[in-house]
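Protein chains in written order, with numbering that gives the first Met the number 0: chain A, 0 to 781; chain B, 0 to 230.
All residues carry an ideal CB built from backbone N, CA and C; glycine is no exception.
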Amino acid sequence: MTSTGMTSGGMTTTSTTGNDLTGSEIAQDTVILAAASPEKPQPYAELGLKDDEYARIRSILGRRPTEAELAMYSVMWSEHCSYKSSKVHLAYFGETTTDAMREKMLAGIGENAGVVEIGDGWAATFKIESHNHPSYVEPYQGAATGVGGIVRDILAMGARPVAVTDQLRFGPADAGDTARVLPGVVAGISGHGNALGRANIGGETHFAASYAGTPLVNAGCIGVLRASDMYTAHASGVGNKVVLYGSRTGLDGIGGASVLASATFSDAADGGARRKLPSVQVGDPFAEKVLIECTLELFAADLVAGISDLGAAGLACATSELASAGDGGMIVDLDTVPLRAEGMSAAEILTSESQERMCAIVEPAKVDAFLAVCAKWDVPAVVIGEVTDTGRLVISHRGEVVVDVPPRTVAHDGPVYRRPFHRPDSQDALQANTSANLPRPADDELGGLILRLAASENLCAKGWITDQYDRYVRGHTVLAQRSDAGMVRVDDETSLGLAMASDCNARLTALDPYRGTQLALAEAYRNVATSGATPLAVTNCLNFGSPEDPGVMWQFREAVHGLADGCAELGIPVTGGNVSFYNQTGSEAILPTPVVGVLGVIDDVARRIGPRFGQGRTSEMLFLLGETRDELDGSEWARVVHGHLGGVPPLVDLAAEQRLAGVMAQAAKAGLVTAAHDLSEGGLAQALVEMCVLSDCGAAITVPPPNPFVALFSETPARILVAVPTSRLGEFAQLCEEHSQPSSALGTVTPTRPRLEISGVADISVAEMREAWTGTLPALFG
Amino acid sequence: MTVRIGVITFPGSLDDVDALRAAKIVGAEPVSLWHADADLHGVDAVIIPGGFSYGDYLRAGAIAAQAPVMRSVVDAARGGLPVLGICNGFQVLCEAGLLPGALVRNAGLRFRCIDQQLTVERTSSVWTSRYRSEYDDVRPILIPLKHAEGRYVATEHDLDALEAEDRVLFRYHGDNPNGSLRDIAGICSADGRIAGLMPHPEHAIDALTGPGTDGLGMFSSLMDSLVGAAS
């Protein structure tokens, strides 16, 4: 086959067999060429840049950008990388974080992931990221690379990734497309995540019509490190080498920059076909796993001066961020980059999102040792450049300079939008349409209602999903799926543990984004507290519709303020976060879904509290901590029974949440509570069902008068159901009194009678509850 | 006498640290063995851990079975060295020809991570002797299981031979989680020294991090055998 390399518009390609580049390559778009041809039209609009943004790039450079530069600016100034629509609002997190809240923070927003000290010289890092759009297009690979990406983010902090979580939102469980998307997403997380050797310790799955065309796939990861060992993404030390290691760079995952290719090559039969590769990246879990182990060995041998993972925007992002955060300059030679495809242009190499790659800054004297570790793990590694103090990022390709830019202008000086926002006029009508007028069930209907709700798509057991994830690997998992929070031991040598929970009830956020987000915070905080851990830090993954819709922008702003104000009141910092916009189908935005993750710490993992009662020989009593109000707007009862969403969410009482967390921490330490479960969606009824089924044990209770329906199904926050050994009742009462914690005795655990007996209301066998709660997803998905 | 238990790490191994921890808990000296190193460093037994060796890209365990360290393990095993393959390690032992049969895709086609009850079918082996006294051969043990390719298959002839020679070590008790023929969860060589099973005893050595401590028996059994032989 002869080489059919051709040129058009200054870019080149070769045939698939053209190993000999020199024969077929003609001039590429270089800095010199760009300076000499200022009038050349460029496809900036197709790359998503506005007129004024393109003009700004020209003004920064004093000339038109080269195609490689245009590709870099366009991906780095995209919404995903630059946070241009959210930046002005996210600043509020910084404004509301006090010095006291910052005390334990080693790294915060802006780093790959926030880092907090957790005691005994240990630190922890955690983050949640979205991979929504790719997961709709290609559920398996979208979800798989979402897990891979978040694990590399944690690794880039110098941390050992120890656990992963997933926050999933799908259309109605019985919708046709959900049968395509959900099994694919779960298989992707399972197939990729399980091979990485990081325990999956939980997450959440919700269904709602608004996610039918826009499923949400958020992936979280926790890492641990010695507090003294933190690495940050900066390239310091003039003369230090830039090492690219991991998989080869290919044409997969080239999103925006493919416009350059198609604009240039649309007529080229060969070039066009060559580029028809998936815009969703394809992950290789084995390469990822080896990359993780290799990187941990590099850390352990102290061979790394700075590090960044290659995620969105690939090398363009890693080089510009490393350079702008360090000594300000870097030279890179793209001819050294190992490629998967032939004849890749500089723009393609720079913006490729091929997975399983990292970029490290290495002292010259350590380069040989660095490469030796990579060789041991069979990980390709090459020196691609050097740190300079010129203040310029200079990138050459085929011996010519194709990029010469101030790196900060690429990485940090992207556009900032002050998009209009206002409360939608429809919000008043939504809030006025309360659940007060919905017919409520008679007392003799409550037993059936308990089972009906337990089987509903949002409340049912998610074992069909979580049983596809490895929760045991590495032997540090103390609590995992089916517990309120996941918990891992930090290391074999310590009893120190980390707990993590993430939550968002988007129905409540829709009714009132400010309060709804505070309720998400309160629930994640409470879930961590329920496990006996003390909440320490907060992250978020803010999933919203289009920022160009003022109503969505209002939701976003309210959510940020609600979360920041809530964190300030609780005294725990937001250490990082992620924003995902444009989650909508046509003009229909998703329910605002600000997922809030809370990280907690526990001194002794043996003191953790799980959801199972009746496991020992002691008799136990059940208590409800917290007070119940008649709060059913936005509840699961309103949704399942009446298909209703309206009114105002339950009141938030963060002081009550804090008090509750204090009681739980003390109770765990003193061993006063044998089991606990937080009350949230579905209220007390659902908590009782879950505890009885998980414990395979019954309970006999009396619900407080006057209204058993409200007692069982209200979704008032700041409540936890706990089991207390009868031998410790006095101490428990004293603990509650010391904290002024409202507490009411509900009844007893009945190991010899496997039924949930609610005096005068219902009497249901554990077997019936198990069938209702666990049968739903297997019936739908096989 | 110090008993040294080697645990192989292939690229893609996952549960090597868990196996090393199990060795340590029963009082052995844990020794890491690297896939590319043919030297077994004088260990008294070898555990091939769970994971996805080399990504399991050809067939589960197929490439690992050809690794330099495995050539040494095969030779040593034929000479009587106790060898235990867990999950991916079981697949490797079958691929290496040390145990008959193969592990194929689960009947349900999905990865499953569950706590599984097993019956111990043979307690006269270096890996299961402890279950004789502790469990009276009757009570099932509870061990985590996590795999997508754990359905044990073999020819009828091989299955009959395994049963006739008392080489079935463990069977699934209650529900068969993956469609394994004759509910087989683990098998061994005729002398009981080479053993493979899909469930993970190394994840059941501490009630804090596993469903209980039923897995410890396998590692304690080995210690009994090795210490007894030396004394």
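T1 of chain B and G236 of chain A have their alpha carbons spaced roughly 48 Å apart. The Cβ atoms of E680 of chain A and L458 of chain A lie closer than 8 Å to each other.
Assignment of K668 of chain A by DSSP, reduced to helix, strand and coil, places it in the helix class. Listed by position along chain B, the residues whose Cβ is nearer than 7 Å to that of P610 of chain A form an empty set, because the closest Cβ is around 15 Å away. Secondary structure of V30 of chain B (DSSP, three-state): strand. Per DSSP, the continuous beta strand (DSSP E) segment holding M620 of chain A begins and ends at 619-624. The distance from the Cβ of L644 of chain A to that of A460 of chain A is about 24 Å, inconsistent with a contact at the 8 Å cut-off. Against chain B, the CB of S482 of chain A has no partner CB under 8 Å away; the residue lies outside that interface. Measuring C-alpha to C-alpha distances from P198 of chain B to each of B:A63, B:V119, B:T154 identifies B:V119 as the nearest.
In the structure shown, S586 of chain A falls within a coil segment according to DSSP collapsed to helix, strand and coil. Taking a Cβ-Cβ cut-off of 7 Å, the neighbours of H202 of chain B in chain A comprise Y471, G474, given in sequence order. If you draw a 10 Å sphere on the C-beta of R63 of chain A, you find 16 or more other C-beta atoms in it, and that means buried.
For chain B, the residues of the region 363-379 of chain A that bring a beta carbon within less than 9 Å of one of its beta carbons are K375, W376, D377, in chain order. The alpha-carbon of A505 of chain A is positioned some 29 Å away from that of V702 of chain A.
Ranking A:A588, A:T144, A:P379 by CA distance to the CA of T248 of chain A puts A:P379 first. Short of 7 Å from the beta carbon of A312 of chain A, and not among the five residues preceding or following it, lie these beta carbons of its own chain, in chain order: V74, M75, C80, T350. Considering only A:T408, A:Y244, A:I608, the residue with the shortest C-alpha distance to S58 of chain A is A:T408. For the alpha helix (DSSP H) assignment, the uninterrupted runs of no fewer than 4 residues enclosed by the region 52-78 of chain B are, from N- to C-terminal side, 67-77. By the criterion of at least three beta-carbon pairs nearer than 8 Å, the region 478-494 of chain A is not in contact with the region 612-625 of chain A. Here T335 of chain A is exposed, its C-beta having fewer than 16 other C-beta atoms within 10 Å. When the Cα atoms are used, R514 of chain A and H233 of chain A turn out to be separated by approximately 38 Å. Of all alpha-carbon atoms in B:G26, B:V6, B:V103, B:A27, the one lying nearest the alpha-carbon of D17 of chain B is that of B:V6. Fewer than three pairs of CB atoms, one per stretch, sit closer than 8 Å, so the region 151-161 of chain A makes no contact with the region 202-218 of chain A.
For Q554 of chain A, the enclosing alpha helix (DSSP H) has its first and last residue at 549-569. Contact between G113 of chain A and G120 of chain A fails: their C-beta atoms lie close to 18 Å from each other, not under 8 Å. A Cβ-Cβ distance of about 17 Å is found for the pair D502 of chain A and E128 of chain A, leaving them out of contact under the 8 Å criterion. The beta carbon of D283 of chain A is closer than 7 Å to those of S246, Q354, E355 in its chain, skipping five residues each way along the sequence.
Per the C-alpha coordinates, the member of A:L429, A:A123, A:T584 positioned closest to G496 of chain A is A:A123.
Taking C-alpha positions only, R473 of chain A is separated from G175 of chain A by approximately 38 Å. Membership of R754 of chain A in any alpha helix (DSSP H) is not indicated; the residue belongs instead to the beta strand (DSSP E) covering 754-757.
R168 of chain A: not part of any alpha helix (DSSP H); member of the beta strand (DSSP E) spanning 159-169, first to last residue.
Put simply, the backbone Cα of T127 of chain B is about 12 Å away from that of R166 of chain B. Assignment of S36 of chain A by DSSP, reduced to helix, strand and coil, places it in the coil class. Closer than 8 Å to the CB of G216 of chain B there is not a single CB belonging to chain A.
Shown here for G561 of chain A: same chain residues with a beta carbon closer than 6 Å to its own, the five before and five after excluded, namely Y513, T516, Q517 in chain order.
At least one CB of chain A lies nearer than 8 Å to the CB of T208 of chain B.
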